[in-house]
Amino acid sequence: MGTVLDSHFLALTAIVTVGYQFLFFVITAIFKFDKVTDFAGSTNFVILSVLTLILKGSWHFRQVILTILVVIWGLRLASFLLLRILQWGEDRRFDEMRKDLGKLAVFWTFQAVWVWTVSLPVTIVNASDRNPSLNPQDIIGWVMWSVGITAEAFSDQQKLRFKNSPDNRGKWCTAGLWRYSRHPNYFGEVLLWWGIFVASTPVLEGAEWLIILGPTFLTLLLLFISGIPLLEDSADKRFGSSAEYLHYKRTTSPFFPLPPFVYGNLPASLKKFLLFEFPFYSRNLPQG
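When you number the sequence shown by the UniProt record's numbering, it's gap-free, plus one each residue, and the end is 288.
Right under this line is the structure:
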């Protein structure tokens with residue numbers, strides 16, 4: 001069916017994303033109903049990937065595979081997050097936003113930027129006329145995605161079961177993958193989106209390589225802004241006076257899954273510069 005607005009679907013996906021997020025912003029603002037926030041973000045990825053595949057109409061194998069991978073990720077995450085928030089109640093991220101329309105608008109704008117930017121690899125692949133034969137980048141990317149979504153899905157379920165158990169009230173999660181990483185779900189999400197990017201590289205030419213901004217933006221977002229820093233602050237405030245928690249934090253990698261006995265014995269400089277153990281992850285711990 002050719003192209004719509006521009007040859008890379010950039011304008012189209014931007015318009016669709018802004019419109020979709022604006023719809024849910026209006027619902028949230030009017031009804032003070034913020035349980036659909038993560039659902040709106042995850043399903044937006046699905047809409048963009050399927051829409052660009054259909055509009056292009058070339059149905060190359062690589063386009064179909066990458067679209068399917070994004071759809072699987074988006075629907076799994078959307079259903080998990082929606083069921084979780086319906087089970088747990090209000091999203092505490094919005095405690096200060098519900099009565100401040102400006103802050104709420106900033107959040108939804110940022111979510112639209114996140115969706116559009118991170119979707120860039122599949123958007124560009126689906127818009128491309130190039131269809132080179134399969135090569136190692138495809139296989140490597142698919143393997144990265146497979147490992148990433150497995151880590152994300154398993155860690156999400158492990159934490160959900162842990163928190164739903166009455167015996168674990170007031171405890172931090174150390175079940176399954178959480179014993180080896182303080183944020184294995186984020187590790188999985190970052191890995192799978194870098195896998196999507198790697199699998200998209202066979203069709204890239206010239207300025208199209210700028211789609212590396214997608215996984216880079218996601219990685220920086222989770223490491224420095226709305227992901228790990230917020231959760232580390234929250235956990236430190238709740239458990240920072242516990243010697244067991246402090247031991248867990250010292251011996252458990254913040255991101256890459258590693259055996260605790262290995263991570264706990266690594267030099268602090270190595271942890272900081274290679275394994276993302278940034279000082280501001282512990283800014284709320286009691287200072288001795």
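C-beta atoms are modelled at their ideal positions from N, C-alpha and C, and glycine is treated no differently.
Nothing here was measured: the structure is a model prediction, and the numbers come from that model.
Please work out which residues of its chain come closer than 7 angstroms, Cβ to Cβ, to residue i, disregarding the five sequence neighbours upstream and downstream, and give them in chain order.
i: F154; result: G176, L177
i: F61; result: none
i: D138; result: R62, A199, P202
i: F278; result: K272
Just to confirm the assignment, what range does the alpha helix (DSSP H) spanning residue i have?
i: N131; result: From DSSP, N131 is part of no alpha helix (DSSP H); its letter is neither H nor E.
i: A29; result: 10-31
i: W145; result: 136-164
i: N126; result: 120-127
i: residue 358; result: The chain is shown only over 1 to 288; residue 358 falls outside these bounds and no answer can be derived.
i: Y250; result: For the sequence presented, residue 250 should be read as Arg rather than Tyr. 243-251 is the span of the alpha helix (DSSP H), which, as asked, contains R250.
i: D233; result: 228-239
i: N185; result: 184-200
i: V50; result: 37-56
i: P260; result: 260-263
i: L218; result: 213-224
On the premise that residue j lies in contact with residue i, defined as a C-beta separation below 8 angstroms, what is that separation, rounded to the nearest angstrom?
i: V18; j: A127; result: Actually they do not touch by this definition, with Cβ atoms about 19 angstroms apart.
i: A151; j: P184; result: 6 angstroms
i: L82; j: D34; result: At roughly 12 angstroms, the Cβ-Cβ gap does not stay under 8 angstroms, so L82 and D34 are not in contact.
i: T123; j: T174; result: Contact flag wrong, Cβ pair sits at about 39 angstroms.
i: F256; j: F187; result: 6 angstroms
i: Y245; j: W172; result: 6 angstroms
Between residue i and the rest of its own chain, which residues show a CB-CB distance below 6 angstroms, the 5 nearest in sequence each way excluded?
i: E156; result: Sequence check: residue 156 is Asp here, not Glu. Once the five neighbours on either side are set aside, the close Cβ partners of D156 are F80, N185.
i: Y20; result: N44
i: R169; result: none
i: M1; result: Residue placement at M1 cannot be trusted, given a pLDDT of 49 that sits under 50; the coordinates are not used to answer.
i: G288; result: Residue confidence for G288 is low, a pLDDT of 49 falling below 50, so the modelled location carries little weight; the figure read from the coordinates is stated next. Nothing meets the Cβ criterion.
i: S7; result: none
i: V70; result: F45, S49, V122
i: F197; result: P121, P215
i: E189; result: E152
Within the present structure, is the beta-carbon of residue i separated from the nearest heavy atom of the ligand ZN by less than 6 angstroms?
i: S253; result: This structure simply doesn't include the ligand ZN, nor any ligand for that matter.
So, residue i versus residue j, is the Cβ gap smaller than 7 angstroms?
i: A40; j: F24; result: yes
i: S119; j: L192; result: no
i: Y180; j: L258; result: yes
i: G227; j: G195; result: no
i: Y263; j: E232; result: no
Checklist line | Cβ pair count under 8 angstroms reaching 3, the region 153-168 against the region 237-252 | finding: Output reads no: the region 237-252 does not touch the region 153-168.
Margin query: Between the region 128-141 and the region 49-63, can you find at least three pairs of beta-carbon atoms closer than 8 angstroms?
Written below: The region 49-63 vs the region 128-141: in contact.
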